[in-house]
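Quick notes on the structure that follows.
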Amino acid sequence: MRLAGIDFAWVPESNGTAIAIGRLSEKGLCADTIFEQLYGMDSILSALDAYPDLQGIAIDASLVINNQTGQRLAEREVSRDYGAKRAGCHATNLTLYPAPASVELAKQLDYRGFCYFGQSEQERSFIECYPHPAIILKNAVDFGALLSPPQAKVGGFIGGRWKKCPLVKLATATDRLR
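At position 126 of the sequence shown the residue is numbered 131 (the numbering used here), and the sequence of numbers has no breaks.
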């Protein structure tokens, strides 16, 4: 299974986005291509379009923003669970980000045949993720010892439940973990 991970820039026209492309097998996830410093939505989409067998995309960005102010539920829960380790979320809302590029990316992926994970049985999907809690869980890292505020982003929340699972097990995972 071919997967991609995107470290998305909030303003992709002026800040670089990075993409890692790899394969998930029973042996684990192996990245074979890294795109660094992609500028603009067109370059991001072109990099993804180069892999027609891509089945899943994890994106470090807010992809669904419906709240006018404050934090989204997922951001509040991640901040509650990981804020003490300096991996809390910044607020994402339509007042701060009236036309977020991340939401446009989600629309473009939908147009290309991907669906938001859990919304369809479609083979190609994407998901919003927060990598710092995953790093904390995997390596027992305390970002408070590594980062000066406010540099931390956070975890992975979908369908009302946290998913905590080693990547090697994702292809066959059936139960939800909390």
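C-beta atoms are modelled at their ideal positions from N, C-alpha and C, and glycine is treated no differently.
Neighbourhood of P103 by C-beta distance below 8 Å, restricted to the same chain and skipping five residues each side: none
Rounded to whole angstroms, what is the Cα-Cα separation between L53 and A89? 35 Å
Alpha helix (DSSP H) runs contained entirely in the region 101-136, provided each spans 4 or more residues: 106-116
Report the residue ranges of all beta strand (DSSP E) runs contained in full by the region 44-80; include only those spanning at least 3 residues, in chain order. 59-64
Identified DSSP bridge partners for S30: G33
Note down, in chain order, each residue of its chain lying with its Cβ closer than 6 Å to the Cβ of D37, except the 5 sequence neighbours on either side. G27
Distance, E31 Cα to T100 Cα: 44 Å
Report the CB separation of L43 from L8 in whole angstroms; it is logged as a contact under 8 Å. No, L43 and L8 are not in contact; Cβ-Cβ is about 17 Å, not under 8 Å.
Contact under 8 Å by Cβ, S84 with E133: no
On the three-pair Cβ rule with 8 Å, is the region 10-19 touching the region 104-112? yes
Apart from the five residues just before and just after N72, which ones in its own chain have a Cβ nearer than 6 Å to its Cβ? N98
Buried or exposed for A79, please, with buried defined as at least 16 other CB atoms from any protein chain shown within 10 angstroms of its CB. buried
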